[in-house]
Amino acid sequence: MLFALCCGTPARAAPALELVTLQYPPYQYQENGEVKGFAADLVREAFRRLNLAVHISVYPWGRSIAMVTDGRADAIFTLYRTPEREALLDYSNETLAQQEVSLFVRKDSPISSGGRLDALSAYRFGVVRAVSYGVVFDQAVKSGQIKVGEVAASGEQNMDMLLAQRFDILVSNRLGARDILRRRHEEALVRELSPPLEAIPSYMAFARKRSLAGLRQRFDAALAAMKRDGSYARLSAAP
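Per the numbering used here, the sequence shown starts with residue 38, numbered consecutively.
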């Protein structure tokens, strides 16, 4: 009894933070049960510096957003800022990954320029469900300036529908679309329109839970330190 009182019960390790994201190579993607990609590596390193364990799960984007909004998950990445999302989530101040949104068409398409959406109002666009494509595109859809013809469950499915002529123009993160084409050896089938539509920063965003108070500020500090010491540049180097 004396031994038990002196030594006490070993302290339990804090449970891992539950992070959610989407299948979004090369930023983050699940392969053979492991979440890989440079954005996932950046996130793990930032939390390692905070001595916090994390568990990353990949879900359809709409489900991931719902999970962090209602508190089933602790945080989500790589998320664009929108007024609706900022009202529900605690966004990091530090940018996790800078992204570019571009437009893609089939190789034989007569469409030649992607810089101005108002010149593309006659065409149908393909998007992924629950994904924001930045202020420029989202506002053009909301105002009725352009038409969304198909809504896919994933970037891969969206590319399939473009090639099947289900719509005319695919909107996507630039690196994400290029990665899909590279892995499928379909680079010769699709063209990227120039110039890119918009450069958009993406972030880590935390659930508004009392237990997470102060975590966003600590994460920001860790990510800022990574940018200063060169580890951010090393981990986020283009694949």
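Positions of the beta carbon are idealized from the N, C-alpha and C atoms, including for glycine.
Residue i vs residue j beta-carbon contact at 8 Å
i, j, result
"Y269", "L140", "no"
"D111", "L56", "yes"
"A258", "Y128", "no"
"S204", "G192", "A small correction: the amino acid at residue 204 is Phe; Ser does not occupy that position in the sequence shown. Going by C-beta atoms, F204 is not nearer than 8 Å to G192."
"S239", "Y117", "yes"
"G163", "A189", "yes"
"L199", "R143", "yes"
"L126", "A53", "no"
"S149", "A156", "no"
"A83", "L260", "yes"
"Y66", "A134", "no"
"V208", "W98", "no"
Residue burial classification, residue i (beta-carbon count within 10 angstroms, cutoff 16)
i, result
"T115", "buried"
"N210", "buried"
"S169", "buried"
"L42", "Residue confidence is low: L42 scores 44 on pLDDT, short of 50, so the model does not pin down where it sits. No coordinate-derived value is stated."
"A337", "The chain is shown only over 38 to 276; residue 337 falls outside these bounds and no answer can be derived."
"A201", "exposed"
"V72", "buried"
"G74", "buried"
"D145", "exposed"
"G213", "buried"
"V105", "buried"
"A177", "buried"
Beta-bridge partners of residue i, as assigned by DSSP
i, result
"E235", "V138"
"T58", "V95"
"Q5", "This structure cannot settle anything about residue 5, because the visible part of the chain is limited to 38 through 276."
"N88", "None, per the DSSP bridge assignment."
"A242", "I113 and Y128"
"S209", "S139"
"E224", "Looking at the DSSP assignment, E224 forms no beta bridge with any residue, so it has no partner."
"E14", "The chain is shown from 38 up to 276; residue 14 falls before or after that span and cannot be answered."
Cut-off 8 Å between Cβ atoms - residues of its own chain near residue i, not counting five sequence neighbours on either side
i, result
"R220", "P62"
"K264", "E131 and A270"
"S158", "Q182, I183 and K184"
"L218", "M196, E224, L226 and V227"
"D175", "T119 and S169"
Cβ-based neighbour list, residue i, same chain, cut-off 6 Å, excluding 5 preceding and 5 following
i, result
"S94", "V57"
"E229", "S139 and F141"
"E137", "R211, P233 and A236"
"L87", "R255 and A259"
Sequence-distant residues of its chain with Cβ nearer than 7 Å to residue i (five each side left out)
i, result
"F40", "The pLDDT assigned to F40 is 43, lower than 50, so where the model puts this residue is not dependable; a value taken from the coordinates is nonetheless given after this. Same-chain partners within the cutoff: there are none."
"A102", "The displayed chain sequence assigns Ile, not Ala, to residue 102. For I102, where only same-chain residues beyond five positions count, the Cβ hits under 7 Å are I113 and A167."
"L252", "F243"
"D216", "P62 and P63"
Jot down the residue ranges of each uninterrupted alpha helix (DSSP H) in the segment 114-194, minimum 4 residues, whole runs only, in chain order.
120-123 and 172-179
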